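Engineer: So the sequence shown is numbered by my numbering: it starts at 2 and just counts up by one.
Positions of the beta carbon are idealized from the N, C-alpha and C atoms, including for glycine.
For clarity, every value in this text was computed on a predicted model and none was experimentally measured.
Quick one: the structure is below, and I'll ask about it shortly.
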Amino acid sequence: MLKIITRFVTMNPTEQVFSKDKTENKILAFDETSKLVKPTNEDKTFGDDDFWSFYNGGGYCDGPNEGSLTTFGAPEKIASHVNFYAFGGWKQRLVGYYYTDIEVVGINGPYGSDLGFSDEYINPNDLIPNDNYLDFYIYKSYGNNNTLCLSPDEMNFYASVGIPFIINENSPTNKSFLSVGLINDLIVGVSGLFWHNAEIRYGIKHEQLSQLEDWNP
Numbered sequence: 002m003l004k005i006i007t008r009f010v011t012m013n014p015t016e017q018v019f020s021k022d023k024t025e026n027k028i029l030a031f032d033e034t035s036k037l038v039k040p041t042n043e044d045k046t047f048g049d050d051d052f053w054s055f056y057n058g059g060g061y062c063d064g065p066n067e068g069s070l071t072t073f074g075a076p077e078k079i080a081s082h083v084n085f086y087a088f089g090g091w092k093q094r095l096v097g098y099y100y101t102d103i104e105v106v107g108i109n110g111p112y113g114s115d116l117g118f119s120d121e122y123i124n125p126n127d128l129i130p131n132d133n134y135l136d137f138y139i140y141k142s143y144g145n146n147n148t149l150c151l152s153p154d155e156m157n158f159y160a161s162v163g164i165p166f167i168i169n170e171n172s173p174t175n176k177s178f179l180s181v182g183l184i185n186d187l188i189v190g191v192s193g194l195f196w197h198n199a200e201i202r203y204g205i206k207h208e209q210l211s212q213l214e215d216w217n218p
């Protein structure tokens with residue numbers, strides 16, 4: 002595993018969750034009337050038809066919806082679930098708050114043991130090691146049985162268990178989780194190696210003052 006920590010704000014241009022105040026280098030929390038791209042209610046848990054492509058923007062990859070909704074893939078859907086429903090939900094983390102001293106932690110593979118992630122990201126409850134099914138807390142597939150279509154069970158595991166675990170493990174001292182993004186990566190070869198990278202944002206959380214409290218004549 003290669004961990005990259007940067008000390009500046011980096012925002013995905015397609016991300017519409019936070020507003021950025023460049024003059025003060027802080028991410029402002031939105032209020033309930035702000036523009037916000039929310040996941041659908043179905044994203045709270047992934048159901049029987051939620052087979053999603055490994056690729057960003059890959060869409061549904063199996064089931065009755067196969068080939069549709071190609072603006073999303075497993076990376077976007079998993080990250081969306083974590084950002085809006087994990088760690089108390091987006092309202093508890095963001096409404097009425099802003100974040101400063103942003104740190105971006107990048108989890109990039111494949112580096113470390115077994116052509117993948119360091120041992121800390123191995124799923125200790127995995128029933129069959131190295132079968133490309135929930136082997137790690139973040140998606141990785143390699144060898145002759147590559148699976149590039151994530152099942153509902155895999156989607157729920159990464160969104161509710163795996164990615165939150167990694168977020169907690171990498172949390173800087175005195176900083177709170179802000180958001181996570183996932184992106185696919187791969188090495189093409191005889192059997193191929195496919196994995197998801199994570200970019201996690203943390204910051205110091207502050208209560209947003211009202212206009213009256215913030216006014217200082």
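Would you mind reading off the limits of the beta strand (DSSP E) that contains residue 129?
Structural biologist: Where residue 129 is concerned, there is no enclosing beta strand (DSSP E), given that its DSSP letter is neither H nor E.
Engineer: Does residue 157 come out as helix, strand or coil in the three-state DSSP assignment?
Structural biologist: In this structure, residue 157 counts as helix in the three-state DSSP scheme.
Engineer: Which of the three DSSP states is assigned to residue 204 in this structure?
Structural biologist: DSSP places residue 204 in strand when its eight states are reduced to three.
Engineer: Taking only three categories from DSSP, how would you classify residue 167?
Structural biologist: In the structure shown, residue 167 sits in a helix (DSSP, three-state: H, G or I).
Engineer: With distances taken Cα to Cα, identify the nearest neighbour of residue 138 among 178, 196, 92.
Structural biologist: With distances taken between Cα atoms, residue 138 lies closest to 196.
Engineer: Considering only DSSP beta bridges, list what residue 197 is partnered with.
Structural biologist: Note: residue 197 sits in a beta bridge opposite 185.
Engineer: Quick check: what's the CA-CA separation for residue 165 versus residue 83?
Structural biologist: If I take the Cα positions, the gap works out to 7 Å.
Engineer: Mapping the DSSP letters down to three states, classify residue 84 as helix, strand or coil.
Structural biologist: Correct three-state label for residue 84: helix.
Engineer: Within 8 Å, do at least three Cβ pairs link the region 59 to 73 to the region 125 to 142?
Structural biologist: In short, these stretches do not touch, since the Cβ pair count stays below three.
Engineer: According to DSSP, is residue 61 part of a helix, a strand, or is it coil?
Structural biologist: Here residue 61 sits in strand by DSSP.
Engineer: Please confirm whether residue 86 and residue 179 have their CB atoms less than 9 Å apart.
Structural biologist: Cβ distance not < 9 Å, so residue 86 and residue 179 don't count as in contact.
Engineer: For residue 176, name the three-state secondary structure that DSSP assigns.
Structural biologist: Residue 176 falls in the coil class under three-state DSSP.
Engineer: Can you look up residue 79 in the DSSP assignment and give me helix, strand or coil?
Structural biologist: Looking at residue 79 - three-state DSSP - the assignment turns out to be helix.
Engineer: Measuring only the C-alpha atoms, how far is residue 204 from residue 80?
Structural biologist: Roughly 18 Å between the two C-alpha positions.
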